[in-house]
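Colleague: Below are the structure tokens for one structure; questions will follow.
Protein chains: 2
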Amino acid sequence: MFEEMVTGRNTRPPNPKKRSGRRVGPSNSHGAILHTARTLFGERGFDGTTMRGIAQAADVDSALIHHFFLSKEGLFLAAVQNAFVVPGLVEMVTEGDPEGAGERLARAFLAHWEDPEVRPQVEALIRSVRAFEEADSALCDFVGGEVMLDVTTALGHGKAEVRAALLGVQLIGIVYLRLVLKVEPLASMSVDDLVCYVAPTCQGYLTERL
Amino acid sequence: MFEEMVTGRNTRPPNPKKRSGRRVGPSNSHGAILHTARTLFGERGFDGTTMRGIAQAADVDSALIHHFFLSKEGLFLAAVQNAFVVPGLVEMVTEGDPEGAGERLARAFLAHWEDPEVRPQVEALIRSVRAFEEADSALCDFVGGEVMLDVTTALGHGKAEVRAALLGVQLIGIVYLRLVLKVEPLASMSVDDLVCYVAPTCQGYLTERL
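Below, the structure is given as structure tokens:
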């Protein structure tokens, strides 16, 4: 459902019948809207963000946002779609020393969330839980769905769904305390230190007998 | 701050100068208001719940809620104050076999959250993050503050703040996926099974070398 909501959009700008004085349709508007949407949804959540506010901050006409993304929900899902999608995750975790799988998994996500284009996507998703069904669904996909389950299935130690869910617990907990609540000492801890602390837990959930 | 906000309230009903037709001030109104507030805040979060809605659902006059709790924020904090407070936690974890400390900690919280008066408090807190500062602060207290830090300090394995935060990560992650998002297989897993799965992680964060 997540995928269906964010694909198949027309990426060409609409024919600008009337000019409102704002920038309408330069070739990078699509990216500018997504960037602005990530920032505002991340700071204020889905309910606290308006399409008008995004249009103003991105300096585009509201009609262009509707043209690209159809609705606020469509824009939100397009804006947050990479929050938990680490490119090449399965290979990264499963190839190499099996004893280091947990560390590689932890480092992959923590490094992913340091990306300034990704971090607000994560915050936006967490802050928008219960705002609308697809926001919840996107988070559920992360823990139960394609992201983690592919890894635990590939490793082949059984109970793949339980392992995926337990890894989701660990990583959502980190996201929540480090990125959203900004609890110390987690918030200002280096990625390396945090990887050291949580790698044994990830290793256990990935490979040890449950 | 959390404590200050919820103590020192007058628990006697106000002098009912005008009758509105609703029940004003029977001796159990205080408890009925708290019970109703927990349910509604848990379902809808802080922003989605009104004082009027709570008064109607609890069948009391709004003035009585203001008299007891002064404000919506005061009512919220009073309603959720036991979300993470497990009576006798430090003794429960530190006394007995040191190898079983993690299991006892996990079981204590998971059993606490099965209580039908406690579960909505946890959901209310999680769903109200960023709604107002004290809601965040109450959650932060849980992980950095008195609850977990007392346990990790009492066990005396060093890095008490880091250990407390890592335990907070694990438990908030469980709360989030099991109680709020209701992700399977976590949501319908028995407390005993879940304790088995997460006890080694809690044990590691409590006692192993970091």
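Taken in order, these protein sequences are the chains called A and B.
The numbers in the first sequence follow the working numbering, run straight up by one, and end at 213.
The numbers in the second sequence follow the working numbering, run straight up by one, and end at 213.
Using N, Cα and C, we set each Cβ at its ideal position, and we do this for glycine too.
Beta-carbon of B/A58 versus every beta-carbon of chain A: anything under 8 Å?
Modeller: On the second sequence, position 55 is the one that residue 58 of chain B refers to. Chain A, which has no Cβ nearer than 8 Å to the Cβ of B/A58, makes this no.
Colleague: DSSP on B/Q206, reduced to helix/strand/coil?
Modeller: One-based indexing of the second sequence puts residue 206 of chain B at position 203. Residue state, collapsed to three classes: helix.
Colleague: Is B/G28 helix, strand or coil when you go by DSSP?
Modeller: The residue you call residue 28 of chain B lines up with position 25 of the second sequence. Because the pLDDT of B/G28 is 45, which lies under 50, any placement of that residue in the model is unreliable, and the question is left without a value.
Colleague: How far does the alpha helix (DSSP H) with A/V172 in it reach, from first residue to last?
Modeller: Sequence index remark: in the first sequence, residue 172 of chain A carries index 169 (1-based). Looking at the DSSP string, the run of the alpha helix (DSSP H) that includes A/V172 is A163 to I177.
Colleague: The ligand PLP and A/H33: does the residue's C-beta get closer than 7 Å to at least one heavy atom of that ligand?
Modeller: Absence of the ligand PLP is noted for the structure shown, with no ligands found whatsoever.
Colleague: Span of the alpha helix (DSSP H) holding B/H70?
Modeller: Residue mapping note: residue 70 of chain B aligns to position 67 of the second sequence, counting from 1. Here the alpha helix (DSSP H) through B/H70 covers S65 to F72.
Colleague: Under 8 Å, with one C-beta from each stretch per pair, do the stretch 87-94 of chain B and the stretch 197-206 of chain B reach the 3-pair mark?
Modeller: Segments in contact, no.
Colleague: Taking its Cβ as the centre, do 16 or more other Cβ atoms sit within 10 Å of B/K185, making it buried, or is it exposed?
Modeller: As a first step, residue 185 of chain B must be located in the second sequence, where it is residue number 182. B/K185 comes out exposed.
Colleague: Looking only at its own chain, which residues have a Cβ that is under 6 Å from the Cβ of B/R166, when we skip the five neighbours before and after it?
Modeller: As a position in the second sequence, residue 166 of chain B is number 163, starting the count at 1. So the list reads T155 and Y208, once near-sequence residues are dropped.
Colleague: Go ahead and label B/G34 buried or exposed: buried means 16 or more other beta carbons lie within 10 angstroms of its beta carbon, across all protein chains shown.
Modeller: Stepping through the second sequence from its first residue, residue 34 of chain B is reached at position 31. B/G34 comes out exposed.
Colleague: Beta-carbon within less than 8 Å of A/T42's beta-carbon, same chain only, minus the 5 sequence neighbours each way: which residues are those?
Modeller: Your numbering for residue 42 of chain A matches position 39 in the first sequence. Same-chain partners within the cutoff: A60 and P123.
Colleague: Under 8 Å, Cβ to Cβ, is there at least one residue of chain A near B/V125?
Modeller: In the second sequence, counting from the first residue as 1, residue 125 of chain B sits at position 122. Not closer than 8 Å to any Cβ of chain A, the Cβ of B/V125 fails to qualify, so no.
Colleague: Can you check whether the CB of B/F44 is closer than 8 Å to the CB of B/A82?
Modeller: One-based indexing of the second sequence puts residue 82 of chain B at position 79. One-based indexing of the second sequence puts residue 44 of chain B at position 41. Against a cut-off of 8 Å, the Cβ pair of B/F44 and B/A82 comes out as a contact.
Colleague: DSSP three-state label for B/Q59, please.
Modeller: Taking the first residue of the second sequence as 1, we reach residue 59 of chain B at position 56. Three-state DSSP puts B/Q59 in a helix.
Colleague: From the beta carbon of B/G176, is the nearest beta carbon of chain A less than 8 Å away?
Modeller: Mapped onto the second sequence, residue 176 of chain B falls at position 173. It does; some Cβ of chain A falls within 8 Å.
Colleague: Mind checking which residues open and close the alpha helix (DSSP H) that includes B/T156?
Modeller: Within the second sequence, the letter at position 153 stands for residue 156 of chain B. B/T156 -> alpha helix (DSSP H) spans E149 to L158.
Colleague: Quick one: Cα of A/L221 to Cα of A/E136, how far?
Modeller: One cannot answer for residue 221 of chain A here, as it falls past the ends of chain A, which runs 4 to 213.
Colleague: May I ask you to report which of helix, strand or coil DSSP gives B/F184?
Modeller: In the second sequence, residue 184 of chain B corresponds to position 181, counting from 1. In the sequence as displayed, the identity of residue 184 of chain B is Leu instead of Phe. Coil.
Colleague: Please confirm if A/D139 has its CB atom under 8 Å from at least one CB of chain B.
Modeller: Taking the first residue of the first sequence as 1, we reach residue 139 of chain A at position 136. It does: the Cβ of A/D139 has a partner Cβ on chain B nearer than 8 Å.
Colleague: Which same chain residues end up closer than 6 Å to B/A86 when comparing Cβ atoms and leaving out the 5 residues on each side of it in sequence?
Modeller: The count along the second sequence starts at 1 and reaches residue 86 of chain B at position 83. For B/A86, where only same-chain residues beyond five positions count, the Cβ hits under 6 Å are Q124, V125 and L128.
Colleague: I'd like the list of long-range same chain contacts for A/P101, defined as Cβ closer than 7 Å, with 5 residues on each side in sequence excluded.
Modeller: Reading the first sequence from its first residue, position 98 is the one you call residue 101 of chain A. Once the five neighbours on either side are set aside, the close Cβ partners of A/P101 are T210.
Colleague: If you reduce the DSSP assignment to three classes, tell me which class A/G77 lands in.
Modeller: Here residue 77 of chain A corresponds to residue number 74 of the first sequence, with the count starting at 1. In this structure, A/G77 counts as helix in the three-state DSSP scheme.
Colleague: Could you tell me which chain B residues have their CB closer than 8 Å to the CB of A/A168, listed as they occur along the chain?
Modeller: The residue labelled residue 168 of chain A in the question sits at position 165 within the first sequence. Those within 8 Å of A/A168 in chain B are L180, V186, E187, P188 and L189.
Colleague: Distance cutoff 8 Å, beta carbons only. Does A/P101 sit that close to anything in chain B?
Modeller: Position 98 of the first sequence, counted from the first residue, corresponds to residue 101 of chain A. For A/P101, the answer is no, since every Cβ of chain B falls outside 8 Å of its Cβ.
Colleague: What are the start and end residues of the alpha helix (DSSP H) that includes A/F87?
Modeller: The count along the first sequence starts at 1 and reaches residue 87 of chain A at position 84. It is not in any alpha helix (DSSP H) - A/F87 carries neither H nor E in the DSSP assignment.
Colleague: Please report the distance separating the alpha-carbon of B/T39 from that of B/I57.
Modeller: As a position in the second sequence, residue 39 of chain B is number 36, starting the count at 1. As a position in the second sequence, residue 57 of chain B is number 54, starting the count at 1. Going by the C-alpha atoms only, they are around 6 Å apart.
Colleague: Thinking C-beta only, is B/L78 closer than 8 Å to B/S32?
Modeller: The residue you call residue 32 of chain B lines up with position 29 of the second sequence. The residue you call residue 78 of chain B lines up with position 75 of the second sequence. Taking 8 Å as the Cβ cut-off, B/S32 and B/L78 do not qualify as a contacting pair.
Colleague: Closer than 7 Å, Cβ to Cβ, to anything on chain B: give me those residues from the stretch 149-169 of chain A, in chain order.
Modeller: So the list reads E164, V165, A168 and L169, given in the order they occur along the chain.
Colleague: So A/V183 contacts chain B; which residues on that side make the cut at Cβ distance below 7 Å?
Modeller: Counted from its first residue, the first sequence places residue 183 of chain A at position 180. Ordered by position in chain B, the residues that pass the 7 Å Cβ test against A/V183 are V132.
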